[in-house]
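Chains as they are written, first to last, in numbering that gives the first Met the number 0: chain A, 0 to 294; chain B, 0 to 119; chain C, 0 to 284.
Just so it is clear, CB atoms sit at the ideal spot from N, CA and C, and this is done for glycine as well.
Here the structure comes first, spelled out in structure tokens, and everything after it is commentary.
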Amino acid sequence: MKEIVVISGKGGTGKTSITGAFAGLAKKCVLADCDVDAADLHLLLQPQVRERYEFSGGGRAEIKAEKCLKCGLCRQLCRFDAVRRPADGSSFLTVNSLACEGCGLCAHICPAGAIEFKPVVDGEWYVSDTRMGSMVHACLYPGEGNSGKLVTLVRSRAREIATGNGSDYLLIDGSPGLGCPVIASVAGSDLAVIVTEPTVSGEHDLLRIAGLTKHFRVPTVICINRSDINSAASDRIAAVAEAQGVKVIGRVRYDKAVTEAQIAGKTVNEYTDGPVAGDILAAWQRIINLTEGKE
Amino acid sequence: MRVAITSQGRDRDSLLDRRFGRAAFFIVADTETGELSVHDNAQNLNAAQGAGIQAGSTVAGLDVEALITGNVGPKAYAVLKAAGIRIYLAPDGTVAQSLQRFKDGLLEESLSANVEGHWV
Amino acid sequence: MKIAVASGKGGTGKTTVAVNLCLFLVDAGLQVTYADCDVEEPDGHLFLKPEIVTRRRTGIPVPHVDPEACNLCGECGSLCRYSAIVVLKDRVMTFPELCHGCGGCAYICPARAIAEVDRPIGSIDRGNAGKLGFISGCLDIGQAMSPPLIKEVLKETPDDGVTIVDAPPGTSCPAMTAVGDCDYLLLVTEPTPFGRHDLELMLKAVCSLPMPKGVVMNRVNGPDAATEELCDKYGVPVLARIPEDRLVAEAYSKGLTAWEAVSGYRTVFADLWSGIQKDAGRCGE
């Protein structure tokens, strides 16, 4: 079983559309949507939820007004400026749950024992059936943190399922950016496919995300999406990548069918058999060859 | 010699838990007397982060010389090594089978972490 | 006034809106600063091409234990919820990459054996693009925690004039850190199912925040009732509808701003600015 993670650095490069299309092309696969703070893959694959679990990323502090001595020590020590005077002018301090980092220091030092530290539910995760195979996905409640732990959970469960049912591939829709959820999606996978676009920001972010996969020693290839909107930039990206030993495994042309497929709730290759679908198929074929050691 | 084994259940017929940090239980066996004791790892199982580190610290507190498990990440490995505990990697099987393999000298000693950390 | 520009989904044109709004406001004679808080992938400099005057490294405070002073009491290890410090029989181990910098271990240590040292996580550039002030944070590759760096960038923004904060995409901790204390929040979306879905996540995430909010619909191809209804449902006005324009996309791909490339952009941003002022004023009443 090979774990293939699709990532992008910059958002909006078409990562999820391409992952969805790959899922339809892979014969036996399990899917993991690790873009947990803006998960979109389910819009293409319409999963039927089979199992549902709550996720707790940590705890939050809460000040019990009846016990509080108003000494202010918690406010003084909180490095995250989470202990605040409420807007209603009341003299009791409260903890702003968005700012609270969950370190628990305030609860530990409160001389009156007025601060409770409780685990909170930050989201849900699911094991589902889709027409492409099993899918593990999640929904981080908006504004909640510790998505790295949720990504790890989603990925581990998906790996268990893929190993258990003899799948050929575990296909991971990674999160955008470079921080903790991305690291959690990428570290230890068999191949990272970076989806980029031929723009100055696409180029810039590509170099950073390729630096990240190199840092974690994950073999990496590049797929240039909407490659024909600026062919010169596509060629430049290819040259820079090849110079660093990173292969460009596909160029996918700009086609309105990609957005139309999204609106229809289908993958690109289900929606059309036009040239853009051919581009994606060719990219997938190279990925298979690479993971099977034929290239 | 006292040995800790990661286990999915509470007795010698339970299956080895391949996970270290998020193992369900640690079973400590005395290889001379055959005596077993069970230690729940529920607290680390649900840790927000650093389950491997916490589990390493728990096992260090169990006064054992060796650990038998499936996989150990880099941070857990560092803690176990600092605590002077040797790590042995076992294939799937029961606690009793793993212990027998250990006594027969059939288990591979791990001299570095054998899986990636989770980075959270 | 601090205006944050954010987006649930990446690639909707957040940086384009932030950069062009800056250029419009500078042109209108205001004192403006652009603050790039998308520290994982900062791209504003590619379009603004600022002259960088200073660069400083920044980090988070992590524990350093003095083994001579430490009595192995274990208090630090039992306090730390991130497993960044663990006490064994004969030593204390630290894992700086897991530390969130709360300072708890150093504060509670009865033996005063813990000092804090800075662990660098990124850098902050300051400079100017013409009359526009420029601040940008850049997270080091391989670092997991961006919020502390985002906070440092925000601390450097001036109190007077207008600051446009380019926030990281998404709805989790980095995005919330960047928008939490702004005076006005602009949400950028695009008229696709993914765009709408992520806009709704964003609207849910920010509904409890006190500042007024507005939506910018980017790359619009005619009316989009579904997005308009969504904004209505959350009581957030649509302040601008920027039409899809191949010229803008081409300019963007080359690192030019729409402002430079397309003349019609002036009216779009003039309307957007008066919308923000009207809205901010209304909420202040």
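Who does residue i pair with in a DSSP beta bridge?
i: glycine 136(C); result: Ile123(C)
i: serine 127(A); result: Val48(A) and Met134(A)
i: serine 200(A); result: Answer is none; serine 200(A) lacks a bridge partner.
i: threonine 68(B); result: Leu88(B)
i: alanine 128(C); result: Leu131(C)
i: cysteine 222(A); result: Val194(A) and Gly249(A)
i: threonine 32(C); result: Gly132(C) and Thr162(C)
i: serine 36(B); result: Val27(B)
Helix, strand or coil: how does DSSP classify residue i here?
i: lysine 117(A); result: strand
i: leucine 289(A); result: helix
i: tyrosine 233(C); result: coil
i: methionine 201(C); result: helix
i: cysteine 101(C); result: coil
i: glycine 104(B); result: coil
i: serine 6(B); result: strand
i: isoleucine 182(A); result: helix
i: cysteine 299(A); result: No statement about residue 299(A) is possible, as the shown extent of chain A runs from 0 to 294 and does not include it.
i: asparagine 95(A); result: coil
i: methionine 175(C); result: helix
i: cysteine 21(C); result: helix
i: glutamate 74(C); result: helix
i: lysine 13(C); result: helix
i: isoleucine 84(B); result: coil
i: aspartate 32(A); result: strand
i: glycine 283(C); result: Because glycine 283(C) carries a pLDDT of 38, less than 50, the predicted location of this residue cannot be relied on, and no value is offered for it.
i: cysteine 73(A); result: helix
i: alanine 25(A); result: coil
i: threonine 162(C); result: strand
i: arginine 59(A); result: strand
i: tyrosine 81(C); result: coil
i: arginine 216(A); result: coil
i: arginine 218(C); result: strand
i: alanine 114(C); result: strand
Excluding five sequence neighbours on each side, which residues of the same chain lie with their C-beta closer than 6 Å to the C-beta of residue i?
i: serine 146(A); result: Val35, Asp36, Leu139 and Pro180
i: glutamate 284(C); result: For glutamate 284(C), the predicted structure reports a pLDDT of 35, less than 50, and the residue's modelled location is therefore unreliable. A value from the coordinates is still provided. Around glutamate 284(C): no qualifying Cβ.
i: leucine 29(C); result: Val161
i: serine 6(B); result: Ser13, Asp16, Phe24, Ile26 and Val94
i: glycine 69(B); result: Arg17
i: aspartate 254(A); result: Val275
By Cβ distance below 7 Å, which residues in the same chain neighbour residue i in space, the five residues on each side in sequence not counted?
i: glycine 58(A); result: Gly101, Gly103, Phe116, Lys117, Pro118 and Val119
i: valine 119(B); result: Low confidence applies here, because valine 119(B) scores a pLDDT of 39, under 50, leaving its location unreliable; read the following figure in that light. Same-chain partners within the cutoff: Gln48.
i: aspartate 39(B); result: Phe24
i: alanine 105(C); result: Pro62, Ile113, Ala114 and Glu115
i: phenylalanine 99(A); result: Inspection of the sequence shows that residue 99(A) is occupied by cysteine rather than by phenylalanine. If we look at cysteine 99(A) and ignore the five residues flanking it on each side, its Cβ neighbours are Arg59, Ala60, Phe79 and Ala81.
Would you mind giving the Cβ-Cβ distance between residue i and residue j, rounded to the nearest angstrom? I have them listed as a contact below 8 Å.
i: valine 27(B); j: valine 71(B); result: Not really, about 17 Å apart at Cβ, beyond 8 Å.
i: cysteine 77(C); j: phenylalanine 94(C); result: Residue identity differs from the one stated: residue 77(C) is serine in this sequence, not cysteine. Not really, about 16 Å apart at Cβ, beyond 8 Å.
i: leucine 40(A); j: leucine 24(A); result: Actually they do not touch by this definition, with Cβ atoms about 15 Å apart.
i: methionine 92(C); j: valine 78(B); result: 6 Å
i: threonine 151(A); j: alanine 183(A); result: 5 Å
i: threonine 188(C); j: serine 6(C); result: 7 Å
i: isoleucine 3(A); j: threonine 271(A); result: Not confirmed; about 23 Å, so no contact.
i: leucine 238(C); j: leucine 208(C); result: Actually they do not touch by this definition, with Cβ atoms about 17 Å apart.
i: alanine 112(B); j: valine 63(B); result: In fact, because the Cβ distance is near 19 Å, the residues do not count as touching under 8 Å.
i: cysteine 67(A); j: glycine 173(A); result: Incorrect: roughly 44 Å between the Cβ atoms, too far for contact.
i: lysine 8(C); j: glycine 194(C); result: 5 Å
i: proline 141(A); j: threonine 170(C); result: 5 Å
i: glycine 100(C); j: proline 157(C); result: Actually they do not touch by this definition, with Cβ atoms about 25 Å apart.
Going by beta carbon distance, what residues of the same chain come within less than 8 Å of residue i, once the five residues before and after it are set aside?
i: proline 109(C); result: Asn70, Cys72 and Glu74
i: alanine 26(A); result: Per the sequence shown, the amino acid found at residue 26(A) is lysine instead of alanine. Once the five neighbours on either side are set aside, the close Cβ partners of lysine 26(A) are Asp167.
i: glutamate 202(A); result: Thr195, Ala232, Arg235, Ile236 and Val239
i: valine 261(C); result: Asp244, Leu246, Val247 and Ala250
i: cysteine 28(A); result: Ala22, Met131, Gly132, Ala161, Ser166, Asp167, Tyr168, Leu169 and Leu170
i: valine 247(A); result: Val220, Ile221, Cys222, Ile223, Ile236, Ala237, Ala240 and Glu241
Give the residues of chain E in contact with residue i, contact being defined as C-beta atoms less than 7 Å apart.
i: glutamine 48(B); result: Any reference to chain E falls outside this structure, whose protein chains are A, B and C.
- If we count Cβ pairs, one from each stretch, closer than 8 Å, do we get three or more for the segment 260 to 270 of chain A versus the segment 224 to 231 of chain A? The segment 224 to 231 of chain A and the segment 260 to 270 of chain A do not touch, with fewer than three beta-carbon pairs separated by less than 8 Å.
- Task: Indicate whether the contact test is met: 3 or more Cβ pairs, each with one atom in the segment 193 to 210 of chain A and one in the segment 243 to 252 of chain C, closer than 8 Å.
- Result: At 8 Å Cβ cutoff, the stretches touch.
- Message: Assess contact between the segment 12 to 19 of chain C and the segment 203 to 217 of chain C, defined as three or more Cβ pairs (one per stretch) separated by less than 8 Å. Is contact present?
- Response: At 8 Å Cβ cutoff, the stretches touch.
- Inter-stretch contact (C-beta, 8 Å, three-pair minimum) for the segment 124 to 134 of chain C and the segment 156 to 170 of chain A: Contact fails: fewer than three Cβ-Cβ distances are below 8 Å.
- So does the segment 58 to 69 of chain C actually touch the segment 101 to 115 of chain C, counting three or more Cβ pairs closer than 8 Å? The segment 58 to 69 of chain C, when compared against the segment 101 to 115 of chain C, does touch it at the 8 Å Cβ threshold.
- Task: Say whether the segment 87 to 104 of chain B touches the segment 149 to 161 of chain C, bearing in mind that this needs 3 or more beta-carbon pairs closer than 8 Å, one atom from each stretch.
- Result: With contact defined as three or more Cβ pairs closer than 8 Å, the segment 87 to 104 of chain B and the segment 149 to 161 of chain C are not in contact.
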